[in-house]
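First up is the structure itself, then whatever we jot down about it.
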Amino acid sequence: MSFKPVILWTDALVYLLVAVIIAFAWYVRRNEHLLAPWRRVGHSKSGMAALTVLVFFIAIGLLDSVHLRPAVENSNSGNGEKAYSVDVLSLLDVIATPLRTRVEKTYSAPFAAHLYARETVELPDGTQLREYPRLKFGGAHLQDPETQLAADVAWRVAAGAGLGLLLWCVVVASLTASLANRGGGNFLPTLSSMWRGATEVPWNAICIVLAFMLLLLGTALALSTNYHIFGTDKVGQDVFYQSLKSIRTGLVIGTLTTLMMLPFALLLGIMAGYFRGWVDDVIQYLYTTLSSIPGVLLIAATVLMMQVYIETHPELFDTVAARADLRLLFLCVILGVTSWTGLCRLLRGETLKLRETEYIQAAHAFGVSHWRIISRHILPNVMHIVLISTVMDFSGLVLAEAVLSYVGVGVDPSTISFGTMINGARLEMAREPMVWWALLAAFSFMFALVLSANLFADAVQNAFDPRVRILSAKARMLPLRGRREMSKAEPAEGSS
Amino acid sequence: MLNYIIRRVLYAIPILIGVNLITFTLFFVVNSPDDMARMQLGIKRVTPEAITKWKQERGYDKPLVFNDGEEGFAKFTHTIFFEKSAAMFAFRFGRADDGRDIAHEIKTRMMPSLAIALPVFLLGLAVYIVFALAMVFFRATYVDFWGVVLCVALMSISSLFYIIGGQFLISKLWHLVPISGYGDGPGAIKFLILPVIVGVISAAGANTRWYRTIFLEEMGKDYVRTARAKGLSENVVLLRHVLRNAMIPILTGAVVVIPLLFLGSLIVESFFGIPGLGSYTIEAINSQDFAVVRAMVFLGSLLYIVGLILTDISYTLVDPRIRLE
Numbered sequence: 001m002s003f004k005p006v007i008l009w010t011d012a013l014v015y016l017l018v019a020v021i022i023a024f025a026w027y028v029r030r031n032e033h034l035l036a037p038w039r040r041v042g043h044s045k046s047g048m049a050a051l052t053v054l055v056f057f058i059a060i061g062l063l064d065s066v067h068l069r070p071a072v073e074n075s076n077s078g079n080g081e082k083a084y085s086v087d088v089l090s091l092l093d094v095i096a097t098p099l100r101t102r103v104e105k106t107y108s109a110p111f112a113a114h115l116y117a118r119e120t121v122e123l124p125d126g127t128q129l130r131e132y133p134r135l136k137f138g139g140a141h142l143q144d145p146e147t148q149l150a151a152d153v154a155w156r157v158a159a160g161a162g163l164g165l166l167l168w169c170v171v172v173a174s175l176t177a178s179l180a181n182r183g184g185g186n187f188l189p190t191l192s193s194m195w196r197g198a199t200e201v202p203w204n205a206i207c208i209v210l211a212f213m214l215l216l217l218g219t220a221l222a223l224s225t226n227y228h229i230f231g232t233d234k235v236g237q238d239v240f241y242q243s244l245k246s247i248r249t250g251l252v253i254g255t256l257t258t259l260m261m262l263p264f265a266l267l268l269g270i271m272a273g274y275f276r277g278w279v280d281d282v283i284q285y286l287y288t289t290l291s292s293i294p295g296v297l298l299i300a301a302t303v304l305m306m307q308v309y310i311e312t313h314p315e316l317f318d319t320v321a322a323r324a325d326l327r328l329l330f331l332c333v334i335l336g337v338t339s340w341t342g343l344c345r346l347l348r349g350e351t352l353k354l355r356e357t358e359y360i361q362a363a364h365a366f367g368v369s370h371w372r373i374i375s376r377h378i379l380p381n382v383m384h385i386v387l388i389s390t391v392m393d394f395s396g397l398v399l400a401e402a403v404l405s406y407v408g409v410g411v412d413p414s415t416i417s418f419g420t421m422i423n424g425a426r427l428e429m430a431r432e433p434m435v436w437w438a439l440l441a442a443f444s445f446m447f448a449l450v451l452s453a454n455l456f457a458d459a460v461q462n463a464f465d466p467r468v469r470i471l472s473a474k475a476r477m478l479p480l481r482g483r484r485e486m487s488k489a490e491p492a493e494g495s496s
Numbered sequence: 497m498l499n500y501i502i503r504r505v506l507y508a509i510p511i512l513i514g515v516n517l518i519t520f521t522l523f524f525v526v527n528s529p530d531d532m533a534r535m536q537l538g539i540k541r542v543t544p545e546a547i548t549k550w551k552q553e554r555g556y557d558k559p560l561v562f563n564d565g566e567e568g569f570a571k572f573t574h575t576i577f578f579e580k581s582a583a584m585f586a587f588r589f590g591r592a593d594d595g596r597d598i599a600h601e602i603k604t605r606m607m608p609s610l611a612i613a614l615p616v617f618l619l620g621l622a623v624y625i626v627f628a629l630a631m632v633f634f635r636a637t638y639v640d641f642w643g644v645v646l647c648v649a650l651m652s653i654s655s656l657f658y659i660i661g662g663q664f665l666i667s668k669l670w671h672l673v674p675i676s677g678y679g680d681g682p683g684a685i686k687f688l689i690l691p692v693i694v695g696v697i698s699a700a701g702a703n704t705r706w707y708r709t710i711f712l713e714e715m716g717k718d719y720v721r722t723a724r725a726k727g728l729s730e731n732v733v734l735l736r737h738v739l740r741n742a743m744i745p746i747l748t749g750a751v752v753v754i755p756l757l758f759l760g761s762l763i764v765e766s767f768f769g770i771p772g773l774g775s776y777t778i779e780a781i782n783s784q785d786f787a788v789v790r791a792m793v794f795l796g797s798l799l800y801i802v803g804l805i806l807t808d809i810s811y812t813l814v815d816p817r818i819r820l821e
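Right under this line is the structure:
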């Protein structure tokens, strides 16, 4: 199959972000003092377990960020040029083609073989019958769904779980082998120390979460080829597919917003703290004014104006996907512009403190230029604040997307996101019996994503924030009431 | 004290002017009134006459900041900026698209908003403090550990699901209270119970955890050790010393949102069909009623600034160490 790669705006920024993260990781690896806090993150049980889950989400999001336009099959190739479809597909769409293309007529429940609503069908002999028609794709391979469905599902679950387990064994075995190789030990002792949690990195927690995720993945793979595991929505689209697509939207909003606000916050915050005087006054005025407008209202006003702009300038966008994508990007920009004030204030305060330190006074005395002092001495010393607030903001932004889409100022209605999913499903609450599966799917995916992001953010904060570390050390030393045998992992979660 | 308050109020004026300029830029400079008219009347088939009429009805048919056609002061006053933006300082918000006076709507819709937001605020404060205190009391035990786990889990659920879940469980399954709606007088109570419960629970995770941190921070201070050294029991230390000192950051943090309670909550009100300012804003956003959104932005920042001033004043009231200069 030939195709033409398409790079949407958000894709380009996602690639940029990945490049920045890789460069940062490479840089950190070579500097022991930068590596130390990351080691602490690596030793946190909950943090690493959460990261394992996040890796799956990120992988799906990245797959969904590679876009292409497939060639139209029977195009008239007389002039030697291929015609490309106007539909922009992502790599995930291509992988999940069965999910994407098996569209039913309307609602159907999870694992159903019949449609959710009764329909009048005409029998060959001319009589009419009102019944639940069979689905075109869901459970279509079964002769008699009533008797076969349960057994078929059970068999597929077993097969999928077996596949996941096999994969897990392979991963764990290769992991153990590589650890044993690096540590110079043998395979079995390494495995047992991993299992007992005697390793510094909590491999046992990671492996357990990994097993869980791979089991889910295997089962989902085995089932989704023949069933709609989360049912279908109003236009018959598979809800599981929508949930997978929503992940990218959530990740993009959570990460690109930070990318958009960082330049503002860093530049203005450090400038205000470093130069003081009128620069400080102006910047303080700027962020006090911006932050005094309640966030949702400012976002709503800005998005409304953006809608007007997009509506009155249709010539700027060539495909629907480009338009929806630009709207997503605009949303990130707007969220970024409205949310840089908090970080800016923190950075200003920290810079004010730092500029009075002796080493910066010394740099001044040696005649080091402002720019060099900022980039060599101040910037590295405020990076932990930037990092902490970045990971802390992520989950809030994913949640905010859903609310904003509900308010009507979120992503483009054609973009699949958790917000649009909830919004669509909400209207069906009043139905009897209720259409609950879209809500369940959105809830479970969002909960998994946000919870793991929150846990990881906590681990990062515990490792990087000196205040929290002192606090947690103090909390450990406090005289305790009713202290029994406490687990070792406690203080990590027990603070902040 | 009075001196300080006056100065603080004077400081607020440039900020409000800034907010006013931002909304003016957003609503009139980024998109011209012509663009907005075209958007509202439909992009394709729109005549210049229709645009002119639309602008005339709303008073958008004047120059933005400087009117050359007038004499004297009218050069500045007969402009969109003066009539639409500067007039907000006098609480003249103009009319909504449905012809009603926005200032009057705001006045009547404030009470339903407050009827939900105030109980949520008070009940929430009490509940979060009690739970946070309990977690600190049992600190570093499994109660504390699972409490934090529960908080993180609660934080990870979108507020939309709290509302949907609450409506489904309490109203649809158990038929305890009506699913949505609003009444006047005492009859309103049955409509208010569910939104208030949902409002308290949906903010429980983040707040309880935050208060717990504040309590823990306070626990590590020297005066707590002194109190223990005097032989005071843990209950007395916690309830009389730690709680009272921790209330300073908690209360001052809470004061800033008190004026904003008037605005209500956007999603709670629209889900439960409560005719407050939150649902008013959502309706305005959905029908693209720019005048209402503009008024709400201005009102919101005004209330926020009032909250900031109240915060500064409350600092001095609860903490005698802080003096105003």
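Chains as they are written, first to last, in my numbering: chain A, 1 to 496; chain B, 497 to 821. Where is the CB? At the ideal position from N, CA and C, for every residue including glycine.
Note to self: Threshold first: 4 residues or longer. Then list the alpha helix (DSSP H) segments lying entirely within the segment 183-248 of chain A, N to C.
What the structure shows: 187-196 and 203-224
Exercise. Taking DSSP as the reference, what is the three-state secondary structure of P133(A)?
Worked result: coil
Self-check item: Cβ-based burial, D412(A) [other Cβ within 10 Å; buried from 16]
Solution: buried
Identify which residue in D458(A), F443(A), N454(A) and F456(A) has its Cα closest to the Cα of S654(B). F443(A)
Notebook entry, point to check: What distance in whole Å lies between the Cβ atoms of N204(A) and M213(A), which are believed to be in contact at a cut-off of 8 Å?
Noted result: Not confirmed; about 15 Å, so no contact.
Below 7 Å, is the gap between the Cβ of G183(A) and the nearest heavy atom of the ligand NAD? As for the ligand NAD, it is missing from this structure, which has no ligand bound.
Notebook entry, point to check: Does the segment 621-639 of chain B come close enough to the segment 705-715 of chain B that 3 or more CB-CB pairs lie under 8 Å?
Noted result: yes
Exercise for the section: Determine contact between the segment 395-408 of chain A and the segment 231-239 of chain A, defined as no fewer than three beta-carbon pairs at a distance below 8 Å. Expected result: no
Straight-line gap, R40(A) to N462(A) (C-alpha atoms, nearest Å):
8 Å
Since K668(B) is in the alpha helix (DSSP H), which residue starts that stretch and which ends it? That residue, K668(B), is in no alpha helix (DSSP H); it is neither H nor E in DSSP.
Reference R69(A), options L62(A), I58(A), V55(A) and Y84(A), closest by Cα
Y84(A)
So, under 8 Å CB-CB, L759(B) and L799(B) are touching, yes? Tell me the CB distance rounded to an integer number of Å. 7 Å
Exercise. Would you kindly report the start and end of the unbroken beta strand (DSSP E) that includes T812(B)?
Key: Not the beta strand (DSSP E): T812(B) falls in the alpha helix (DSSP H), residues F786 to V814.
| Below-8 Å beta-carbon distance, D531(B) vs any chain A residue | yes
* What residues in the segment 446-457 of chain A bring their beta carbon closer than 9 Å to a beta carbon of chain B? -> M446, F447, A448, L449, V450, L451, S452, A453, N454 and L455
In chain A, which residues lie less than 7 Å from N782(B) when you measure between Cβ atoms?
G408
From I247(A), L343(A), L335(A) and T288(A), pick the residue whose C-alpha is nearest to that of L256(A); which is it?
-> L335(A)
What do you get for Y658(B), buried or exposed, if any count of 16 or more other CB atoms within 10 angstroms of its CB means buried? buried
| task | Could you please give the first and the last residue of the uninterrupted alpha helix (DSSP H) stretch that includes K549(B)? | result | P544 to R554
Practice problem: For F443(A), decide whether its Cβ has a neighbour in chain B, counting only Cβ atoms nearer than 8 Å. | Solution: yes
**Message:** Between which residues of its own chain and I675(B) is the CB-CB distance below 7 Å, once the five residues before and five after are set aside?
**Reply:** Q663, S667 and K668
Counting only beta-carbon separations shorter than 8 Å, does A220(A) have a partner in chain B?
no
| Given that a residue counts as buried once 16 or more other Cβ atoms are within 10 Å of its Cβ, and exposed if not, what is H141(A)? | exposed
If the cut-off is 8 Å on Cβ atoms, which residues from the segment 543-569 of chain B count as contacting chain A, listed in chain order? none
Practice item. Find the nearest neighbour of R327(A) within the set G410(A), M260(A), T190(A) and L13(A), judged by alpha-carbon distance. Key: G410(A)
query: Which residues mark the beginning and the end of the alpha helix (DSSP H) in which K571(B) is found?
result: A570 to T573
query = Counting contacts by CB-CB distance shorter than 8 Å, is V623(B) in contact with chain A?
reply = no
For this session: Report yes if the CB atom of G138(A) is closer than 8 Å to the CB atom of S90(A), and no otherwise.
Result: no
request  = Taking H67(A) as part of the alpha helix (DSSP H), name the residues at either end of that continuous run.
outcome  = No alpha helix (DSSP H) holds H67(A); the beta strand (DSSP E) holding it covers H67 to P70.
For the segment 280-295 of chain A, which residues have a CB atom closer than 9 Å to at least one CB atom of chain B, in sequence order?
Y285, L286, T288, T289, L290, S291, S292, I293 and P294
Practice prompt. Measure from the alpha carbon of M607(B) to the alpha carbon of each residue in R817(B), A791(B), P771(B) and T777(B), then state which is nearest.
Written response: P771(B)
From the DSSP secondary-structure annotation, give me the bridge partner or partners of Q128(A).
E122(A)
*According to a CB-to-CB cut-off of less than 7 Å, which residues of the segment 399-428 of chain A neighbour chain B?*
L399, A402, V403, Y406, V407, G408, V409, I422 and R426
_Among V88(A), T249(A) and M260(A), whose alpha-carbon lies nearest the alpha-carbon of L16(A)?_
M260(A)
Beta carbon of Y287(A), beta carbon of T341(A): below 8 Å?
yes
* **Rounded Cβ spacing between I253(A) and C344(A) (contact assumed at less than 8 Å)** => So it is not a contact: roughly 20 Å between Cβ atoms.
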